[in-house]
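Straight run, no breaks: the sequence shown in the numbering used here ends on number 281.
A short write-up of the structure that comes next.
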Amino acid sequence: MAHRLFEGKEHAASYWKYRISPSHHLIEKVLDFLEKHRGRPFNLAADVGCGSGQGTLLLAKHFVSVVGTDVSPAQVEVALTHGKAPNITYKQCAAEQLPLADGSVDLLTAMSAFHWFDRPRFLQEAHRVLKPRGCLALLNYTVDMEISYADCCSHTLNEVCKEFYAALQPYRSPHIGRSSIELYQEAYRSIPYPDKEWHECLWVTKPMPLSSYMGLIESFSSYQTMLRDDAQKATKLSEDISQRLLSVMGVTSTDTEVEVSVKYFCLLACKPEEE
Ligand SMILES: C[S@@+](CC[C@H](N)C(=O)[O-])C[C@H]1O[C@@H](n2cnc3c(N)ncnc32)[C@H](O)[C@@H]1O
7 MAHRLFEGKE HAASYWKYRI SPSHHLIEKV LDFLEKHRGR PFNLAADVGC
57 GSGQGTLLLA KHFVSVVGTD VSPAQVEVAL THGKAPNITY KQCAAEQLPL
107 ADGSVDLLTA MSAFHWFDRP RFLQEAHRVL KPRGCLALLN YTVDMEISYA
157 DCCSHTLNEV CKEFYAALQP YRSPHIGRSS IELYQEAYRS IPYPDKEWHE
207 CLWVTKPMPL SSYMGLIESF SSYQTMLRDD AQKATKLSED ISQRLLSVMG
257 VTSTDTEVEV SVKYFCLLAC KPEEE
């Protein structure tokens, strides 16, 4: 069963506007692994659970062609509008049943998406579509992102952020549990390929207005669930947090730019030549 928490058109649009994508440095790490284990040319990449296509776009210049897939029609619609490149096609389909031929894919990625899938079935599907020595890259970041602003005390600022994350915790889907990193570590252990790597604490820092940081957190499925359960509660929580952050920063406008740092982790695995 797909965990379809990303269906609303507004939610999909907020993805395009606010979501953080992996840095070029992180994409290079994935490509280095692919180059080392499979080598060039890089023909086909598939980005599964592509959402609005930010991550898919990062792959486009490195591959002859890229397929972005997502189960949500609203996300695919946004990707088709904003995540365009001549060599990218988007398909609406489940991660566990990809419309890709056996042994056809050089690189299969899932960026902040694998935890939503039926994980064992997806790993089997990945095995089916990957070429021999093709690579799987599962990327995600932890929710404890940090913000900083000028000379302002980061500790005080992030204590407020932590309260925001704690208030959303009860609204996390049971499918992804308390922390997604454990699900990826479990997948890492379960993948029987000898060539695999685990990386964590890969920081990606981006400047953005405080309003975009708030938009990013509001795009989380836990906030969206809270919003559906009790819109007033969710809106008030977000407004209170925003006001308190402004007060710690000593400014009045949410257009004020802060630095947002997210901690990525990634699982890289290469399908063996012979089975
Ligand atoms: C958190 S978003 C990440 C989107 C994008 N990759 C990014 O980095 O912003 C997760 C995406 O996975 C998709 N998704 C969830 N379960 C899925 C499944 N079983 N098959 C395909 N896509 C799925 C959702 O529709 C959503 O767009």
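Each residue gets a CB set at the ideal place from its N, CA and C atoms; glycine is no exception.
These numbers were taken from a predicted model, which means no experiment stands behind them.
(request) Take the Cβ of P92 as the centre, count every other Cβ of all protein chains shown within 10 Å, and call the residue buried at 16 or more, exposed below. (result) Residue 92 sits at position 86 when you count from the first residue of the sequence shown. It counts as exposed.
(request) Classify K35 as buried or exposed, calling it buried when 16 or more other Cβ atoms lie within 10 Å of its own Cβ. (result) Locating residue 35 in the sequence shown gives position 29, counting from the first residue. The residue in question, K35, is buried, as its Cβ has 16 or more Cβ neighbours within 10 Å.
(request) Take Y177 and list the residues in its own chain whose beta-carbon comes closer than 6 Å to its own, dropping the five residues that flank it on each side. (result) To locate residue 177, count along the sequence shown from 1; it is residue 171. S228, T231 and M232, listed in sequence order.
(message) Under 7 Å: does the beta carbon of S179 sit that close to some heavy atom of ligand 1?
(response) Translated into the one-based positions of the sequence shown, residue 179 becomes position 173. No.
(message) Tell me which residue opens and which closes the alpha helix (DSSP H) that C167 is part of.
(response) In the sequence shown, the residue the question calls residue 167 occupies position 161. Residues S160 to L174.
(request) Tell me whether G45 is buried or exposed, calling it buried when 16 or more other Cβ atoms sit within 10 Å of its Cβ. (result) Translated into positions along the sequence shown, residue 45 becomes position 39. Looking at its Cβ environment, which holds fewer than 16 other Cβ atoms inside 10 Å, G45 is exposed.
(request) Kindly indicate which three-state DSSP category P79 falls into: helix, strand or coil? (result) Position 73 of the sequence shown holds residue 79. If DSSP states are grouped into helix, strand and coil, P79 belongs with the helices.
(message) If the criterion is Cβ atoms closer than 8 Å, does the pair D76 and G61 meet it?
(response) Counting from 1 along the sequence shown, the entry for residue 76 is found at position 70. Counting from 1 along the sequence shown, the entry for residue 61 is found at position 55. No, these two residues do not count as a Cβ contact at 8 Å.
(request) Could you pull the start and end residues of the beta strand (DSSP E) that F271 belongs to? (result) Sequence index remark: in the sequence shown, residue 271 carries index 265 (1-based). Note, F271: beta strand (DSSP E), E263 to C276.
(request) Could you tell me whether the Cβ atoms of A302 and G55 are closer together than 8 Å? (result) There is no way to answer for residue 302, as the model of the chain reaches only from 7 to 281.
(request) Report yes if the C-beta distance between L145 and P278 is below 8 Å; otherwise report no. (result) The sequence position of residue 145 within the sequence shown is 139, counting from 1. The sequence position of residue 278 within the sequence shown is 272, counting from 1. Cβ atoms of L145 and P278: not closer than 8 Å.
(message) Between A52 and ligand 1, is there a pair consisting of the residue's CB and a ligand heavy atom that are separated by less than 7 Å?
(response) Locating residue 52 in the sequence shown gives position 46, where the first residue counts as 1. Checking every heavy atom of ligand 1 against the Cβ of A52, none is found closer than 7 Å.
(request) Identify which residue in D124, L104, G89 and C158 has its Cα closest to the Cα of T262. (result) By 1-based counting over the sequence shown, the position of residue 262 is 256. Measuring from the Cα of T262, the nearest candidate turns out to be C158.
(message) Let me check one thing: in DSSP terms, what residues is D53 bridge-paired to?
(response) Looking up residue 53 in the sequence shown gives position 47. Its beta-bridge partners are G74 and T115.
(message) What I want to know is whether the C-beta of V111 ends up closer than 7 Å to one or more non-hydrogen atoms of ligand 1.
(response) Here the question's residue 111 lines up with position 105 in the sequence shown. Result no, Cβ not under 7 Å from ligand 1.
(request) Figure out for me which residue from K97, S71 and V72 has the closest Cα to the Cα of E83. (result) Locating residue 83 in the sequence shown gives position 77, counting from the first residue. Nearest option by C-alpha distance: K97.
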